[in-house]
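These notes are about the structure you will find just below.
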Amino acid sequence: MNNNLANIKKSIFYLNKSECVAIPTETVYGLAANAYSSKAVRKIYALKKRPRNNPSIVHYSSLNRLEKDCELNKNFLILYKKLCPGPITFVLKLKKGSRISRIVTNNKTTVAVRFPKNKLTQKLLGLLKYPLAAPSANISTKISPVSKEDVKEEFGNKIKFILDGGRSTIGLESTIISLVDKPKILRLGGMQRSKINKVLNKIIKYDRNNKKITAPGQSKLHYSPGIPIKLNTTEPKHDEAFILIKKRKKSCKNYFYLSKTKNLKQAAKNLYRILRKIKKKNYKSIVVEKIPNFGFGEAINDRLKKASAK
Ligand code: AMP
Ligand code: MG
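Just so you know, we're using the working numbering here: the sequence shown kicks off at 1 and counts up by one.
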């Protein structure tokens with residue numbers, strides 16, 4: 001039996017026992033459990049220390065399976081056909097009789113769903129009798145993991161198994177779009193807004209102030225390396241880690257490049273890896289060069305702002 005198949009079988013073994021398994025996706029690694037089992041999903045929240053009022057994304061391998069749980073609409077079907085599998089999450093109405101645990105949705109009548117692109121995870125989902133609830137595999141508010149090693153750093157041996165699917169190719173969470181009423185973007189991410197606009201042939205608004213899902217007073221902090229971050233800086237102090245997106249003539253050991261050519265896609269892919277690296281080197285603060293606010297730059301700036309929130 002090849003290694004991948006053996007590892008998929010091992011994942012199934014634990015998931016069927018209502019345990020959590022970390023799974024690879026093209027966006028970031030997820031901490032997965034049976035979305036139909038409240039007992040299993042509670043373990044995700046406990047391990048991540050995730051507030052119960054923050055609902056999780058449910059992962060599917062096929063439309064047939066999704067139909068059992070959600071009301072599909074026209075906009076969804078158009079986007080699905082063009083952009084899935086891929087880094088886009090849809091908020092849809094739950095179907096009557098859906099078996100999705102109320103812990104996953106925080107008792108809402110809607111659910112966030114996604115079709116991940118990673119081949120191992122697709123195969124795993126295809127072999128399971130249930131979809132997987134899987135928020136990012138990090139302790140709540142901390143940096144999302146983009147490799148098996150990152151997941152290990154977050155949870156040590158507290159989780160039963162990590163399915164190793166190599167480094168995440170996108171490296172940033174999915175873009176979330178609500179299709180419950182008029183389409184609106186709830187979170188910027190790995191699927192560029194321009195692509196979604198093109199497919200739907202209209203400009204979809206980004207609901208920057210979508211507060212319904214977070215409780216009042218909940219910290220804005222997210223994706224945090226645990227040290228202060230300052231944006232739009234031109235020169236660092238010698239003891240600050242400096243994040244750049246374009247090569248400078250003179251480089252110093254405290255310079256960390258997301259890209260050397262202002263390639264924003266590459267920068268997005270490197271963001272979490274670099275934040276983790278800086279943290280490990282024990283820097284006490286981070287400053288970041290100005291990053292253009294379009295394409296992937298929009299999502300990068302969003303993450304950096306949240307990572308620097310007080
Ligand atoms: P994570 O998987 O940790 O990247 O987080 C999942 C994101 O999906 C969170 O920001 C949730 O607030 C969002 N989400 C999940 N379910 C829903 C829903 N029914 N409506 C709106 N947002 C949702
Ligand atoms: Mg997360």
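C-beta: ideal position from N, C-alpha, C; glycine also.
Rounded straight-line distance, which links the Cα of Gly30 to that of Asp69
21 Å
For Lys48, count the other beta carbons within 10 Å of its own beta carbon; 16 or more makes it buried, fewer makes it exposed. Which is it?
buried
Using only the alpha-carbon positions, how far apart do Ile203 and Asn7 sit?
42 Å
Can you give the Cα-Cα distance for Lys93 and Ser251, rounded to whole angstroms?
51 Å
Sort Phe90, Val151 and Arg187 by Cα distance to Asn301 and report the nearest one.
Arg187
According to the Cβ coordinates, are Ala112 and Thr89 closer than 8 Å?
yes
Using only CA atoms, which one of Asn34, Gln122, Gly171 and Val199 lies nearest to Leu79?
Val199
On the premise that Ser37 lies in contact with Ser11, defined as a C-beta separation below 8 Å, what is that separation, rounded to the nearest angstrom?
That pair is no contact at about 15 Å.
Return the CA-CA distance between Gln122 and Lys249, expressed in angstroms with no decimal places.
44 Å
State yes or no: is the C-beta of Pro55 within less than 8 Å of the C-beta of Thr105?
yes
Tell me whether Asn3 is buried or exposed, calling it buried when 16 or more other Cβ atoms sit within 10 Å of its Cβ.
exposed
Could you tell me the boundaries of the alpha helix (DSSP H) in which Ile159 lies?
No alpha helix (DSSP H) contains Ile159, which DSSP labels as neither H nor E.
When the Cβ atoms of the segment 139-153 are set against those of the segment 228-244, are three or more pairs found closer than 8 Å?
no
Taking 6 Å as the limit between beta carbons, can you name the residues of its chain near Ile185, skipping five residues before and five after?
Ile177, Ile204 and Tyr206
Taking the alpha carbon of Ile159 as the point to measure from, which residue in Glu173, Ile139 and Arg102 has its own alpha carbon closest?
Ile139
Hey, which residues come within less than 6 Å of ligand 2, measuring from Cβ to any heavy atom, in chain order?
Pro135, Ser136 and Ser144
Can you tell me where the beta strand (DSSP E) holding Phe242 begins and where it ends?
Ala241 to Leu244
Which value, in whole angstroms, describes the spacing of the CA atoms of Thr214 and Arg50?
Confidence at Thr214 is low in this model, with a pLDDT of 43, below 50, so its placement is unreliable and the value that follows should be read with caution. Rounded to whole angstroms, Thr214 to Arg50 spans 12 Å at the Cα level.
Use the C-beta contact count for Ala46: other C-beta atoms within 10 angstroms, 16 or more gives buried, fewer gives exposed.
exposed
Write down the C-beta distance between Glu26 and Asn118 rounded to the nearest angstrom, noting that I regard them as a contact closer than 8 Å.
6 Å
Is it true that the CB of Pro24 sits closer than 8 Å to the CB of Lys120?
Per the sequence presented here, residue 120 reads as Leu, with Lys not at that position. Yes.
If you draw a straight line from the alpha carbon of Gly190 to that of Gly156, how long is it in whole angstroms?
27 Å
Please classify Val199: does DSSP put it in a helix, a strand, or coil?
helix
When Pro145, Ile103 and Lys195 are compared against Gly166, the one with the closest alpha-carbon:
Pro145
Glu289 burial status per 10 Å Cβ neighbour count (16 or more: buried)
buried
By alpha-carbon positions, which one of Lys247, Asn270 and Lys277 ends up nearest to Ala241?
Lys277
Asp181 versus Asn73: straight-line alpha-carbon distance, rounded:
10 Å
Below 7 Å, is the gap between the Cβ of Asn54 and the nearest heavy atom of ligand 1?
yes
Starting from the C-beta of Lys246, find all residues in its chain whose C-beta is less than 6 Å away, skip the five residues before and the five after it, and write them out in chain order.
Lys262
When every heavy atom of ligand 1 is checked, does at least one fall within less than 7 Å of the C-beta of Ile44?
no
If you run the structure through DSSP and keep just helix, strand and coil, what is Gly295?
coil
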